[in-house]
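In terms of the numbering used here, the sequence shown opens at residue 1222 and continues consecutively. Quick reminder that beta carbons are idealized off the backbone N, C-alpha and C, glycines included. See structure below.
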Amino acid sequence: MPELPEVEALAVYLRERAAGRRVDRIEVAAINALKTYDPSPSAAAGRAVTGASRHGKHLDVELDGLHLVVHLARAGWLHYRERFTSAAPLKPGKGPIALRVRLDDGSGFDLTEAGTQKKLAIHLVGDPAQVPGVAKLGPDALDVDAATFADRLRARRGQVKGVLTDQQVLAGIGNAYSDEILHAARLSPFARTDRLTEEQLAALYAATRRVLTDAVTRSVGQRAAELKGEKRSGLVVHGRTGLPCPVCGESVREVSFADSSLQYCPGCQTGGKPLADRRLSKLIR
Ligand SMILES: [Zn+2]
């Protein structure tokens, strides 16, 4: 799932490639992905791309007074095309392309979604705050100051992994970067937020900034099409079960849940003790 760094990189990429171009037309292939009907996509025709920005994990393509707000969910992506191979309108319901934006110079982009779980959410609105997921966002994980960060984490009692990824507490962090941040901060994903010391909260804040800033720098350096691969290669613990931790050499371990999993290093984060994983304890060494 694209998180803050990848969405930030997409916004930078769009500002460089699309700003100043005018929308020729928007074509919708996946009716269910477009969550708004007023204004209709035809209202975007003729408008200039005036910018692109990010609200948490939502991408905001600014169209001179309108906002195309995109939540890529787990399997969504944006593909920029220098030129489309066909001028024919998209056929509804065919293939991974959900929505196409054609620009006046023949370039444009496709919003796509792989797989059968359709969670991609696109809103065309006059104000990004009209998107429910955006209105509820907490402060941005890269904008928040240390005191606010500490206050918000402590106020939402729970396991730190869940609290860090709660978009109403902090916007932008998901499953992958929370694993990385907790590893960098040397904290167990199951540590209770209301029991974190000042020192631990300060370490967590510093790790959040460092991990996300580094990831944004890496992601922005890549072309949009390559961002997914780069995300993987930059990670230290996430998605690396069984591989050695680059800090202490211990094997990275995993805890599985119904539809996700987290990775951590017992050496760096849990005093050498593996976390209980009842569901998969029989399968994992
Ligand atoms: Zn380690």
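Cβ-Cβ distance between residue i and residue j below 8 angstroms
{"i": "L1280", "j": "L1225", "result": "no"}
{"i": "D1370", "j": "Y1426", "result": "Here residue 1370 is Phe; the residue named in the question, Asp, does not match the sequence. Yes, Cβ-Cβ distance for F1370 and Y1426 is below 8 angstroms."}
{"i": "L1385", "j": "V1365", "result": "no"}
{"i": "E1497", "j": "L1456", "result": "At residue 1497 the sequence reads Ala, which differs from the Glu that was named. Not a contact, by the Cβ cut-off of 8 angstroms."}
{"i": "K1278", "j": "A1342", "result": "no"}
{"i": "D1325", "j": "R1375", "result": "no"}
{"i": "E1334", "j": "P1317", "result": "yes"}
{"i": "R1377", "j": "D1387", "result": "yes"}
{"i": "A1319", "j": "A1251", "result": "yes"}
{"i": "L1311", "j": "D1400", "result": "no"}
{"i": "R1323", "j": "R1246", "result": "yes"}
{"i": "G1395", "j": "R1373", "result": "no"}
Nearest-angstrom Cα separation, counted from residue j out to residue i
{"i": "Y1485", "j": "Q1421", "result": "17 angstroms"}
{"i": "P1313", "j": "R1321", "result": "11 angstroms"}
{"i": "C1489", "j": "G1327", "result": "51 angstroms"}
{"i": "A1294", "j": "V1249", "result": "18 angstroms"}
{"i": "A1362", "j": "G1267", "result": "35 angstroms"}
{"i": "A1406", "j": "S1477", "result": "21 angstroms"}
{"i": "A1254", "j": "Y1234", "result": "23 angstroms"}
{"i": "A1428", "j": "G1393", "result": "15 angstroms"}
{"i": "A1446", "j": "A1424", "result": "At A1446, the pLDDT of 49 sits below 50, so the modelled position is not reliable and the matter cannot be decided from this model."}
{"i": "G1460", "j": "T1434", "result": "20 angstroms"}
{"i": "C1466", "j": "L1403", "result": "13 angstroms"}
{"i": "D1480", "j": "E1419", "result": "33 angstroms"}
{"i": "V1270", "j": "E1229", "result": "17 angstroms"}
{"i": "V1244", "j": "G1272", "result": "13 angstroms"}
{"i": "V1441", "j": "V1432", "result": "14 angstroms"}
{"i": "E1451", "j": "D1259", "result": "A caution first: E1451 carries a pLDDT of 48, below 50, which makes its placement in the model too unreliable to give a value."}
{"i": "A1240", "j": "V1282", "result": "10 angstroms"}
{"i": "K1382", "j": "A1412", "result": "8 angstroms"}
{"i": "R1474", "j": "M1222", "result": "20 angstroms"}
{"i": "S1263", "j": "S1409", "result": "50 angstroms"}
{"i": "W1298", "j": "T1306", "result": "19 angstroms"}
{"i": "S1472", "j": "G1463", "result": "5 angstroms"}
{"i": "R1275", "j": "K1340", "result": "19 angstroms"}
{"i": "V1437", "j": "V1291", "result": "19 angstroms"}
{"i": "E1227", "j": "Q1443", "result": "10 angstroms"}
{"i": "G1492", "j": "C1469", "result": "12 angstroms"}
Opposing strand residues paired with residue i [DSSP bridges]
{"i": "Q1484", "result": "E1475"}
{"i": "G1241", "result": "Beta-bridge pairing links G1241 to no other residue."}
{"i": "E1283", "result": "G1272, H1288"}
{"i": "P1465", "result": "S1472"}
{"i": "D1361", "result": "A1392"}
{"i": "S1344", "result": "Here residue 1344 is His; the residue named in the question, Ser, does not match the sequence. In DSSP, H1344 forms a bridge with V1290."}
{"i": "G1297", "result": "E1334"}
{"i": "R1246", "result": "R1323"}
{"i": "I1413", "result": "Correcting the residue identity first, residue 1413 is Arg in this sequence and not Ile. Per DSSP, Q1380."}
DSSP three-state assignment for residue i, whether helix, strand or coil
{"i": "I1252", "result": "helix"}
{"i": "L1235", "result": "helix"}
{"i": "Y1398", "result": "helix"}
{"i": "Q1380", "result": "strand"}
{"i": "G1336", "result": "coil"}
{"i": "F1330", "result": "strand"}
{"i": "A1319", "result": "strand"}
{"i": "V1458", "result": "coil"}
{"i": "V1510", "result": "As shown, the chain starts at 1222 and ends at 1506. That puts residue 1510 outside it, with no answer to give."}
{"i": "R1304", "result": "coil"}
{"i": "G1492", "result": "coil"}
{"i": "L1433", "result": "helix"}
{"i": "L1403", "result": "helix"}
{"i": "L1374", "result": "helix"}
| query | Do three or more CB pairs link the segment 1346-1362 to the segment 1273-1287 at distances below 8 angstroms? | reply | Yes: at least three Cβ pairs fall under 8 angstroms.
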